[in-house]
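Just below is one structure, and these are the notes that go with it.
2 protein chains.
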Amino acid sequence: MNIYDIAELAGVSIATVSRVVNDSPMVSEKTKAKVRKVMQENDYTPNVFARGLGLNSMKTIGLICPDVSDAYMAKAVAFLESDLREYGYDCMLYCSGNAYEDRQIAVNTILQKRIDALVLIGSVYSQADDNSESIDYLKEAARKVPVFLMNGYIEDENIYCALCNDFEASYSAVKKLIDSGRRKILYLSDSHSFSANQKRMGYEKALQDSKIELNKELMIFTYNKIIETRDLLLSRPELDFDAVFATDDGLAIGALKYAKIKKKRVPEDISIIGYNNFEISISCEPELSTVDSRSERLCKIIIDSMMLLLKKKQISHKVYVKGNLIRRSTTDF
Amino acid sequence: MNIYDIAELAGVSIATVSRVVNDSPMVSEKTKAKVRKVMQENDYTPNVFARGLGLNSMKTIGLICPDVSDAYMAKAVAFLESDLREYGYDCMLYCSGNAYEDRQIAVNTILQKRIDALVLIGSVYSQADDNSESIDYLKEAARKVPVFLMNGYIEDENIYCALCNDFEASYSAVKKLIDSGRRKILYLSDSHSFSANQKRMGYEKALQDSKIELNKELMIFTYNKIIETRDLLLSRPELDFDAVFATDDGLAIGALKYAKIKKKRVPEDISIIGYNNFEISISCEPELSTVDSRSERLCKIIIDSMMLLLKKKQISHKVYVKGNLIRRSTTDF
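Those sequence lines, one after another, are chains A and B.
Throughout the first sequence, residue numbering follows the working numbering, covering 1 to 333 in sequence.
Throughout the second sequence, residue numbering follows the working numbering, covering 1 to 333 in sequence.
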């Protein structure tokens, strides 16, 4: 039983059923009662296609990211905004910060506006692996408007996710380091987000498949800042590594600066792979090999899906894209 | 004759005068007629304090920038959004692109929303030096809401500008290159905006004051891209220079990459100064000396001014901040 059946049984248009679901003032109380009766008799729960997008539209999309001054998010916001604008939508931007409570406040605040859909940029909004943070507030949000997650995953009827396959891309990058003769591969990360965990698992699996024992000493968590990462490595002279796999370009460049100070040759003494393919990855010397996480492609998928949903089409809840290793001068394969 | 006088003469509150000016439905026609009569008799044109901010507020500020994926603009949007959020304001973001027509469309589109004020980020929105582009659309906008210009200048009753003193900062940076013995200073720019022109004039004045003849051959316009700038310089082997002053860090790093390929030592053979103090300026090698254009300070001034205006206080139409030269390793002074 779907909205089309209800419309037919009630003798009204699909749009009218949608309006009844959304309690629109444009529908008479008499019609509302008739449609609701049919819905009740058929035990129909309005699905996502009847909610949110399209009706009573303010033509406004809410965009939430932790911090738009981050290059990954800035690029995503720029792309989403320009594409949505072409479809006639305005963008309400909210930078939530990373803290759990702040993310909740952001979502609840933006929902008080009349938005047609919500896009959450960044995998920090996903379910944490240890379930330590409830994602009920996002499932609540999805009862009001369709929610799109960029590089994150939550299973829900009205949440749609576009992700880079960070596990595979990381596995493949680390495997290449191993195949080029590296055994002591430093893992540098600044996050425990869904995406960061995928990368960590890719790293661990690549070591395991090559029968290299996991050395927890070589898994370092730091801030995503060049200078801080450099200094952290300088403060740990006991660390012995011949390669670096970093979950973000900033961390990788911190390692590159460390290598320069320690007079280690890159890539001969230390091979380095970053992640995201930011502008900084070509500004450093030697230029950084890095995984392109293809944020523009993810944005494109989100926009296309949203526009299909707007036209009441079925869309996928989870779409993966493949990350690409960009080989530059910090690796020798 | 100001709004306070009108309120007193009409025997109503200032808020009521404001509501009449804004034709609020909350004021009776009788009161409207009375207030309008007083306004007419006293030849009173409602000033900015009576328009826009505060009444019938949607607590939404429009932010327009050419491209939020640009590091300067991303940082500004992040700062403005977070500060405005603290004051309870939402942000509507519009990335206009650089073209004149697109900028006009952006302003006119966002004005159709109920915004309380408009912030234009980037000096491309200023009056062009040659007056080739009419800024009437911005003056029109300022009749509806207060307009704040970040790093640009337009003279208007309801336009408020916060600018980095790019002329002085550029003059001082180029003067330092000259004082360190450089005579053939390449000027690299990607723009003819108000701010870029200030930088160019600072460069020209510094040469003039040191009795160095201006060599137009050494003034190069390019795209603000590292690789494109490097390649442009490589394609011009006739250029003879011992220093580079670039109006943006990306251009400066392009010059740095050029120097590396040409086996020129930096700073010994070529001294380089960039502009904006972006993250790329510390990711390159050697790290880039650059002018900090203090965008956070400009954002802070804009927010503070806006909040004062909201409280009906007088604010300055033009506030300058001083750019700071950050000395790193591409200069030897």
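Even for Gly, the Cβ is constructed at its ideal location relative to N, Cα and C.
Query: What is the DSSP secondary structure of residue 333/B, counted as helix, strand or coil?; Result: coil
Query: Checking contacts by CB at 8 Å: is residue 260/B closer than that to chain A?; Result: yes
Query: Three-state secondary structure (DSSP) at residue 197/A?; Result: helix
Query: Three-state secondary structure (DSSP) at residue 299/A?; Result: helix
Query: For the region 77-104 of chain A, which residues have a beta carbon sitting closer than 9 Å to at least one beta carbon of chain B?; Result: 77, 78, 79, 81, 82, 85, 90, 91, 92, 93, 94, 95, 97
Query: Going by the beta-carbon positions, is the gap between residue 172/A and residue 325/A smaller than 8 Å?; Result: yes
Query: Return the bridge partner residues of residue 94/B from the DSSP annotation.; Result: 64/B
Query: Write down every uninterrupted run of the beta strand (DSSP E) in the region 111-193 of chain A whose length is 3 residues or greater and which is fully enclosed by it, in chain order.; Result: 117-121, 147-150, 159-164, 185-189
Query: Which of the three DSSP states, helix, strand or coil, is assigned to residue 288/B?; Result: coil
Query: Which residues, taken in chain order from the region 270-282 of chain A, show a beta carbon closer than 7 Å to some beta carbon of chain B?; Result: 279, 280, 282
Query: Could you list which residues in chain A have their beta carbon closer than 8 Å to that of residue 68/B, in chain order?; Result: 68, 74, 77, 78, 81
Query: Residues bridged to residue 246/B by DSSP?; Result: 188/B
Query: Kindly say whether residue 285/B, judged by its beta-carbon, lies nearer than 8 Å to any beta-carbon of chain A.; Result: yes
Query: Mind reading off the beta-carbon distance from residue 252/B to residue 288/B? Whole number of angstroms is fine, and I expect it under 8 Å.; Result: 6 Å
Query: Can you name the start and end residues of the beta strand (DSSP E) that residue 321/A belongs to?; Result: 318-321
Query: Alpha carbons only, please: which of 10/A, 69/A, 123/A is nearest the one belonging to residue 161/A?; Result: 123/A
Query: Looking at the secondary structure, which residues open and close the beta strand (DSSP E) in which residue 89/B lies?; Result: Per DSSP, residue 89/B belongs to no beta strand (DSSP E) and is neither H nor E.
Query: Out of curiosity, what's the CA-to-CA distance linking residue 110/A and residue 12/A?; Result: 33 Å
Query: Sorted by chain position, which residues of the same chain lie with C-beta nearer than 6 Å to residue 64/B's C-beta, five sequence neighbours on each side aside?; Result: 94, 96, 106, 120
Query: Quick check on residue 336/B: buried or exposed, where buried means 16 or more other Cβ atoms within 10 Å of its Cβ?; Result: Absent from the structure is residue 336/B, since the part of chain B shown begins at 1 and ends at 333.
Query: Any Cβ of chain A within less than 8 Å of the Cβ of residue 53/B?; Result: Residue placement at residue 53/B cannot be trusted, given a pLDDT of 49 that sits under 50; what the coordinates show is reported in the next sentence. Taking Cβ atoms only, chain A never reaches closer than 8 Å to residue 53/B, which makes this a no.
Query: Check whether the region 185-195 of chain A touches the region 242-257 of chain A, counting contact only when three or more Cβ pairs, one atom from each stretch, lie closer than 8 Å.; Result: yes
Query: Within 10 Å of its beta-carbon, does residue 89/A have 16 or more other beta-carbons around it, so buried, or fewer, so exposed?; Result: buried
Query: Exposed or buried, what is residue 318/A when buried is set at 16 or more other beta-carbons lying within 10 Å of its beta-carbon?; Result: exposed
Query: Three Cβ pairs or more, each shorter than 8 Å: is that satisfied between the region 22-33 of chain B and the region 197-215 of chain A?; Result: no
Query: How do the region 274-284 of chain B and the region 70-83 of chain B stand: do at least 3 beta-carbon pairs fall below 8 Å, yes or no?; Result: yes
Query: Measuring CA to CA, which of 333/B, 118/B, 43/B is closest to residue 143/B?; Result: 118/B
Query: Just to confirm my understanding: we take residue 283/A, look at its own chain, exclude 5 residues before and 5 after, and list those with CB closer than 7 Å. What are they?; Result: none
Query: For residue 222/B versus residue 267/B, is the C-beta distance shorter than 8 Å?; Result: no
Query: I want to verify the contact list: residues of chain B whose CB lies under 8 Å from the CB of residue 61/A, in sequence order.; Result: Result: empty, since nearest Cβ-Cβ is about 11 Å, beyond 8 Å.
Query: Who are residue 221/B's beta bridge partners in DSSP?; Result: 189/B
Query: If you measure from the beta carbon of residue 303/A to each beta carbon in chain B, is any gap under 8 Å?; Result: no
Query: In whole angstroms, give me the CA-to-CA distance for residue 269/A and residue 178/A.; Result: 14 Å
Query: Residues of chain B with a CB under 9 Å from the CB of residue 226/A: which are they?; Result: 279, 282, 283
Query: Output needed in chain order: residues of the region 237-264 of chain A with a Cβ under 9 Å from some Cβ in chain B.; Result: 249, 250, 253, 256, 257, 260
Query: For the beta strand (DSSP E) containing residue 57/A, list its first residue and its last residue.; Result: Where residue 57/A is concerned, there is no enclosing beta strand (DSSP E), given that its DSSP letter is neither H nor E.
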